[in-house]
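Its first residue numbered -18, the sequence shown is counted upward by one per residue in this note's numbering. Report on the following structure.
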Amino acid sequence: MTPDVYPGYAQAMVANCLIPAYYCFAGYDGLNEYVMDTMAANGTILFFHFEPDIFHFDNVGKFARVAFPPTDPERVALSRGVFGVWGYGMPTQNPVDVDFPDATLMKTFPAFLDDDEHLHQLLTRFQITARRMTTLLGNYSVHRRNKAVTNPVFTTACQWVQTNFRTWSAWIDTLPLCTIHLHMNYTIAEVNNGTARRVTFQWIRPDPDNASLPYVCEGGMLELPRPLFSSKSAKWLKNNFAQWNDWLATPPPCDRSHYSYSIHACDQESRRQVSFFWVVPGDGESRECLGGISLPPMTSVSCDYVPTSSSVDSAFQGITILSCIIFSLLLICGIVIVVFREKAVVKRSQWPLLVLIVIGGMILCVDIILGAYQSTDMICGSLLILDSLSFSMIFVAILVKCLRVYLVFNNKAMKKITVSLWKMLKLYSLIVTIDIGIVVVGLLVDYPNATIFTTPATEFDGDVDHVTCKSTGLVFSALSLFWKILIVGTGLYFAFLIRHADSDFQETKWIVASAVVMVVGGIVMIPLMYMTMSTALSFTLRSLVLLFGMADGFVQVLVIAFMVMPKLWRLGKIKSTSAKTPAVKNSEQLSSDAIHVEDKTTGKIGRSQMCPDTTPGMKCRNGCSKNTHCITAEGQGKPCLLVGMMTPAQDPGYFEALLTNSKIPAMFCFAGYAGLNQYVVDTMRQNKSIVFYHFEPDVFHTDKKGLFTRITFPRANSTATTSNVNLVSTDFPASPLMKYYSDTMVHNPTLLNFLTNFALTPLDMTNLLASYDTLQNDPTVADPLFATACRWVQQNSRTWRGWIERLPLCTLEKHLKVTITDSFDNMTTPVNTSQIDFRTISFAWFNPNPDNATEPYLCDGGIITVPPPLKTSRSVEWLMENADEWPLWMHTKPPCQRLHYNYTIGPCTPDSTRPVTFFWRLPGRVNGSTECTGGIALPGNLVVECDYIPVASPVYESITMLTCIVIMFLVVCGILVVAFRKRSVVKRAQWPLLLLIVVGGILMCVYIILTGGEPTDVLCAARPILASLAFSVTFTAIFVKSLRVYLLFLAGENRKKIKVTLWKMIKLYLVIVVIDTGVVVIGLLADFPHPAISIAAAKTFDGTVDHYTCHSSTFIFKAMTIFFKTLVLIAGSYVAFLIRNADADFQESMWILASSVVVVVGAMILTPVAYFMDLDASSIFAIVSGVVLFCTVRCCVMTDIIH
């Protein structure tokens, strides 16, 4: 054919056989054509060709193969693959002189087919023998000559596949069992208006002829499951396949998740019916579950309101009728009061106030009726206004009546005092306006919209929706309640004072009784609001308490006893029974009490623990068993053949049955592997003989090579050795060397491929055992097993290299272990940072080379060296989530961004600023960052304002010095007041109050000093107490002075002398100061303003700033104290205004007015500075201190120094 086909072999073989020849090369087709032409011309020719080949099948019987000397592997190996190196016609240098060796059929396929696991498995197992190839080529020759066959290659292959199923079926893996997870797709669709899901199934690869059948699996689930209906969410179904997969065969037991419920609207009995239904309903039962719990019966829950369309005997109807009756009675009473207003008894009772009480009662009746309705935005707002208005109109009227009685009758001189009704009405209007104003402002700022929320039901397992009036905060509700408590407390106080008023004024005891009724009603209402009861019952009791208060009051004194109640805020709620077989040591050391079988000629061998008397299927006694022929022989006085055995578990019963069926009387004694070996050796040393069971290849035979002779029994027969009855009478069948490995190896493709290809021939095993026997007797070898295996691997690389696949390219994802650790660097940085935290990404091979840990062991090429550690400021979480991004940084640094630098904010400096220093998270040795390049630059350093003024600040020091001067000034004033307290001008100015004003000023100065410095628990508590106490002590004294002047000089129209003792004023003073300070103290106890750090966005750079301030969780108590101070301030200013033109002899009045004005103006300046203006701490401290000191000095100058 051509010179490159077995180059030089045929030529050298012919030449070395001394055959004169010359060789002509014509190629495959040319040679074939020349041979056919020669045969057609009836000629002869010697030619080189291969077989099997189609050329021979097209010309069967026409050629005879020329036989040369038989092939010899040693002679074949001498071939040099050349001919004619010395030139044309010259002797050859190639010594080969034997026939061609048999060449096995080779498989050749592209390397990329290894990427397909199944195709690679097929190609690995694919094997065509020479005989099969001969058959294929013969069939192909036939089909090629058949003109009816259009594709002879395909037809030949198809015919072979059809007729050789047993052959090719072993090349491919059996189809896996059909499962939903691997072979089906499922679709989840919403049904029942989205309340349930339907899961339908389709084959991923259906049979092309029948889509309902699978194509790439067999067995298991051969049919598509029926659609599955479930109430679980689509997300749950996608994430919990393993759980609902079991439901296809057995539906789950019914539980709470399989049914739902609907809550109907309120019925006439003030109940809401609850009906239950299956989420996926079937014919009276659920389609998605079976058994378990049953569907609950219908039940009901209470309504949140009293339905208006209820039956006649309902709570709403009864209360409405009663309210209307009382409303009518109140209307009649009002008419009667107006008609008889000039009557003395009515006129003396201040009939306009009585009318206001009646109107308040009528509003209360309307409020009671509206309270039954379902909450809406309008109802929510109306109820707040009506509640507050009815309370104010009723109880403020009582308060004013008590105050008027007190002013008129409660004076020891019993002088006639005129307190006009108009003045009382003005006071009445002021108190009511404040109360209603708080409510209206609260509605405008934080309207209590009707809000739906859910709470766990007590009647069934589920939630109930409720509608209630809800606002975002409690500030205005707390202010309104606080104001009403002040009114009630004041009213009760004055009612208590007038309990013994002049008997001519018969109304006083009824006023006191009415006030007491209202307090008792409030006490009763509080537990009613929080008790668990039906809506109708709660509505009835509440209404009756309110109506009782009105009725009781009118029966007694025609006034209403009513206390408004705050809203009830309801807040919605988891074979190791290993028989302890005695450890078999190398020498099979037996216990001293083991039972042995003594044979007269053979010695000791049987071990009872190797074959106990209770061994299943064996009749052992003292470790030995006898067959029936042995028992018969012993009965005849004949001996039995002693057979040494290992354990009954090895080829159980086979050898025993073989001897028994061969009619050999034998006794089988079991001694274990080591015991048998030792007994055989001991017997041989005594020059005795023994028959024993053993297996080979085994190191025992290698160690005792040539010392044993295998007893040959009749040749093994497959039928005889596989009989169900133990009638075997032939020798053991030849057992191939088997491979055993754990199922877990299947999950490692590389290891599995190695185990599949791993194969040792009997010759290999014989050589291994011989080597092991040699090495284990060598005292210099510590581990003969390892040494044997290692030597074999070293000497047989060509064998084992075919067992392993080519190593893959080394990649970061598959071959490198990534470790992320938090690290700290103490190097000196440009910003003098002593410690910088960062993450270090270090790399290591999962399987390093045992001789060099820096090199890989299971891969080759790609990343061949361990990358150096990578430092980054990114968080561990980010690195874990972005494992595809940061590996690029090993080659190219990312551009610098905001996250690559950080900053530190230092403590406050004397100039009330905090330095902000920027630095790279991973700074370089000179400048810049080591983890990024380019991008943004590092910002310059700057400062931010402090949250407080440090005590080392010049501003603080200046203000403190000034404050100390003021304190000394105030102390001098206090000394002067005490020193000249007996002078008439000082005495008349109520010197104890002047002294309290000085004390208040000193407290205010102390407050200013404590305003500076870093917040602490002590300062956070002292500041509000001092501020409140300083204001109260100072301004309340001014207020009380003004009030005393007013009562002495302007309260009576006839200018009669009225005695208002200083002690009474001091008592009033103490009440006001205690209330104000008490609110602050209670606020501190309930919600202490601990120093706390809050984080806010910085205004001057990209970042956040920590703020250290005194922080409380609610504004309620602060709002209360501000509200109370506002009331005191307004009242004091008002009274000071009234006395502006007091008697000229009392020259203090205008200074009192001026002091009040100064305090009001100061408050107006400080409010926007404290709450609305964005100023630095130094500016705020300076402004606040300046204003406070100015007001303090002015007040003291005007009230003390003037005197």
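For glycine and all other residues, C-beta sits at the position ideal for the given N, C-alpha and C.
Confirm, please, whether the CB-CB distance from Ile1097 to Val456 is below 8 Å. The residue given as residue 456 occupies position 475 in the sequence shown. The residue given as residue 1097 occupies position 1116 in the sequence shown. A contact, by the Cβ cut-off of 8 Å.
Pull up the distance between the alpha-carbon of Phe1162 and that of Gly993, whole angstroms please. By one-based count along the sequence shown, residue 1162 stands at place 1181. By one-based count along the sequence shown, residue 993 stands at place 1012. Taking the straight line from one Cα to the other gives about 8 Å.
For Trp781, I'd like the list of residues in its chain whose CB is within less than 7 Å of its CB, leaving aside the five on either flank, ordered along the chain. Translated into the one-based positions of the sequence shown, residue 781 becomes position 800. So the list reads Val774, once near-sequence residues are dropped.
Extent of the continuous beta strand (DSSP E) to which Trp901 belongs: On the sequence shown, residue 901 is found 920 positions in, with the first residue counted as 1. Run containing Trp901: Thr894 to Trp901, per the beta strand (DSSP E) assignment.
Quick one: using the 10 Å Cβ neighbour count with 16 as the cut-off for buried, is Gly955 buried or exposed? Counting from one through the sequence shown, the residue named residue 955 turns up at place 974. It counts as buried.
Does DSSP put Met546 in a helix, a strand or coil? As a first step, residue 546 is located in the sequence shown; it is residue number 565 there, counting from the start. Annotation note: pLDDT 28 at Met546 (below 50); position unreliable, coordinate value reported separately. Residue state, collapsed to three classes: coil.
Strand pairing of Glu926, partner residues [DSSP]: Locating residue 926 in the sequence shown gives position 945, where the first residue counts as 1. Glu926 pairs with Thr894.
Quick check on DSSP: helix, strand or coil for Glu1185? No answer is possible for residue 1185: it lies beyond the span of the chain, which begins at -18 and ends at 1184.
Looking at Leu974: is its Cβ nearer than 8 Å to the Cβ of Val1021? On the sequence shown, position 993 is the one that residue 974 refers to. On the sequence shown, position 1040 is the one that residue 1021 refers to. Yes; because the gap between Cβ atoms is below 8 Å, this pair is in contact.
Under 8 Å between C-beta atoms of Gly(-11) and Asn75: The count along the sequence shown starts at 1 and reaches residue -11 at position 8. The count along the sequence shown starts at 1 and reaches residue 75 at position 94. The answer is yes: Cβ separation under 8 Å.
Just the C-alpha distance for Leu(-1) and Met(-18), rounded to the nearest angstrom, thanks. In the sequence shown, residue -1 corresponds to position 18, counting from 1. In the sequence shown, residue -18 corresponds to position 1, counting from 1. About 22 Å.
Leaving out five residues before and five after Gly263 in sequence, what residues of the same chain have Cβ atoms less than 6 Å from its Cβ? By 1-based counting over the sequence shown, the position of residue 263 is 282. Result list for Gly263: empty, nothing under 6 Å.
Classify Ala230 as helix, strand or coil using the three-state DSSP reduction. Walking along the sequence shown from the start, residue 230 turns up at place 249. Reduced to three states, the DSSP call for Ala230 is coil.
Would you call the stretch 924 to 940 and the stretch 904 to 915 in contact, with 3 or more CB pairs under 8 Å? These segments do not touch.
Grab the span of the beta strand (DSSP E) containing Gly201 for me, first residue to last. Here residue 201 corresponds to residue number 220 of the sequence shown, with the count starting at 1. Where Gly201 is concerned, there is no enclosing beta strand (DSSP E), given that its DSSP letter is neither H nor E.
Below 8 Å, how does it come out for the stretch 1063 to 1070 and the stretch 424 to 443: are there three or more Cβ pairs, yes or no? They do not touch, by the three-pair rule.
Can you tell me whether His1205 is helix, strand or coil according to DSSP? Missing from the structure shown is residue 1205; the chain here goes from -18 to 1184 and no further.
Taking contact to mean 3 or more Cβ pairs, one atom from each stretch, closer than 8 Å, check whether the stretch 1077 to 1093 and the stretch 1107 to 1115 are in contact. Cβ pair count under 8 Å is below three, so no.
Cβ-Cβ separation, Ser241 to Val260 (assumed contact under 8 Å), whole Å: To locate residue 260, count along the sequence shown from 1; it is residue 279. To locate residue 241, count along the sequence shown from 1; it is residue 260. Rounded, the Cβ-Cβ distance is 5 Å, consistent with contact.
Taking 8 Å as the cut-off, does the stretch 928 to 945 touch the stretch 882 to 894 (at least 3 CB pairs, one atom from each stretch)? yes
Between the stretch 843 to 861 and the stretch 819 to 828, do at least 3 Cβ pairs fall closer than 8 Å? yes
Alpha-carbon spacing of Asp724 relative to Arg186, whole angstroms: On the sequence shown, position 743 is the one that residue 724 refers to. On the sequence shown, position 205 is the one that residue 186 refers to. Cα-Cα distance, rounded: 28 Å.
Using CA atoms only, rank isn't needed, just tell me which of Val967, Met(-6), Ser150 and Cys913 is closest to Thr52. Taking the first residue of the sequence shown as 1, we reach residue 52 at position 71. Taking only the C-alpha atoms, the option nearest Thr52 is Met(-6).
Per DSSP, what are the beta-bridge partners of Pro837 in this structure? The residue you call residue 837 lines up with position 856 of the sequence shown. Paired residue(s): Pro829.
Span separating the alpha-carbon of Leu718 from that of Tyr9: Translated into positions along the sequence shown, residue 718 becomes position 737. Translated into positions along the sequence shown, residue 9 becomes position 28. Straight-line Cα distance between these residues: approximately 45 Å.
Let me know if Met87 comes out buried or exposed under the rule of 16 or more other beta-carbons within 10 Å of its beta-carbon. Locating residue 87 in the sequence shown gives position 106, where the first residue counts as 1. Flag for Met87 reads exposed.
Quick check on Met648: does DSSP put it in helix, strand or coil? Mapped onto the sequence shown, residue 648 falls at position 667. In the structure shown, Met648 adopts extended strand secondary structure according to DSSP, grouped into three states.
What would DSSP say about Met626, mapped onto helix, strand or coil? Translated into the one-based positions of the sequence shown, residue 626 becomes position 645. In the structure shown, the three-state DSSP call for Met626 is strand.
Inter-residue Cα distance where the pair is Lys1099 and Leu943: In the sequence shown, counting from the first residue as 1, residue 1099 sits at position 1118. In the sequence shown, counting from the first residue as 1, residue 943 sits at position 962. Each residue's alpha carbon lies about 29 Å from the other.
Got a sec? Which residues, its chain only, sit under 7 Å from Val130 by beta carbon, not counting five neighbours each side? Within the sequence shown, numbered from 1, the residue matching residue 130 stands at position 149. Only His124 and Thr136 meet the Cβ criterion.
Can you name the residues that DSSP bridges to Thr725? Taking the sequence shown and counting its residues from 1, the one referred to as residue 725 is at position 744. BP columns for Thr725 are empty, so no partner.
CA-CA distance, Ile946 and Val1014? Taking the sequence shown and counting its residues from 1, one reaches residue 946 at position 965. Taking the sequence shown and counting its residues from 1, one reaches residue 1014 at position 1033. The alpha-carbon atoms of Ile946 and Val1014 are separated by roughly 21 Å.
So is the beta-carbon of Cys986 under 7 Å away from any non-hydrogen atom of the ligand MG? The ligand MG is not among the ligands present in this structure, which contains no ligands whatsoever.
Let me know the secondary structure DSSP gives Ile822 once reduced to three states. Position 841 of the sequence shown, counting from 1, holds the residue named residue 822. Three-state DSSP puts Ile822 in a strand.
How about Met591 and Gly653: are their beta carbons less than 8 Å apart? Against the sequence shown, residue 591 aligns to sequence position 610. Against the sequence shown, residue 653 aligns to sequence position 672. Their beta carbons are under 8 Å apart, which means Met591 touches Gly653 by this criterion.
CB Ser214 to CB Glu269, shorter than 8 Å? The count along the sequence shown starts at 1 and reaches residue 214 at position 233. The count along the sequence shown starts at 1 and reaches residue 269 at position 288. No, these two residues do not count as a Cβ contact at 8 Å.
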